[in-house]
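> A single structure is presented below for examination.
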Amino acid sequence: MPKGYCIPYRSLIPQSVNDLLVAGRCMSVTWEGLGSPRVMAICMATGQAAGTAAALAVRAGVPPRALPIEELQERLRKDGAVLDL
């Protein structure tokens with residue numbers, strides 16, 4: 000069985016809109032990749048990531064796309080999120 004794959008943070012950030020994060024079925028994916036975001040567990044995980052990123056970005060006074068990914072990953076891991084398969 001092939002190894003799993005990750006959904007990159009950049010999929011949650013629209014290219015042409017600042018200060019917006021999207022999750023679940025609204026995130027940027029190809030039609031081939033649309034199967035994953037439609038699964039409820041992935042909707043919840045990307046929602047948690049988007050919400051956490053929004054909070055961290057507001058606290059830091061930066062737009063979500065400028066948030067260091069390491070900071071987001073660290074916070075998500077502390078909150079018990081599964082980031083690696």
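Numbering that gives the first Met the number 0 puts the sequence shown at residues 0 to 84.
The beta carbon of each residue, even a glycine, is placed where N, CA and C say it ideally should be.
Fair warning: this is a prediction, and the values are worked out from it, not measured in the lab.
Between the beta-carbon of residue 26 and the beta-carbon of residue 10, is there less than 8 Å?
For residue 26 and residue 10, yes; Cβs fall inside 8 Å.
> Do residue 82 and residue 52 count as a contact pair if the criterion is CB distance below 8 Å?
No, they are not a contact pair.
> Does residue 89 pass the burial test, meaning 16 or more other C-beta atoms within 10 Å, or should it be called exposed?
No answer is possible for residue 89: the residues shown for the chain start at 0 and end at 84.
> Which residue from 48, 23, 13, 43 puts its Cα closest to that of residue 77?
Nearest of 48, 23, 13, 43 to residue 77, Cα basis: 48.
> With residue 73 as the anchor, note down where its alpha helix (DSSP H) starts and where it stops.
Residues 68 to 77.
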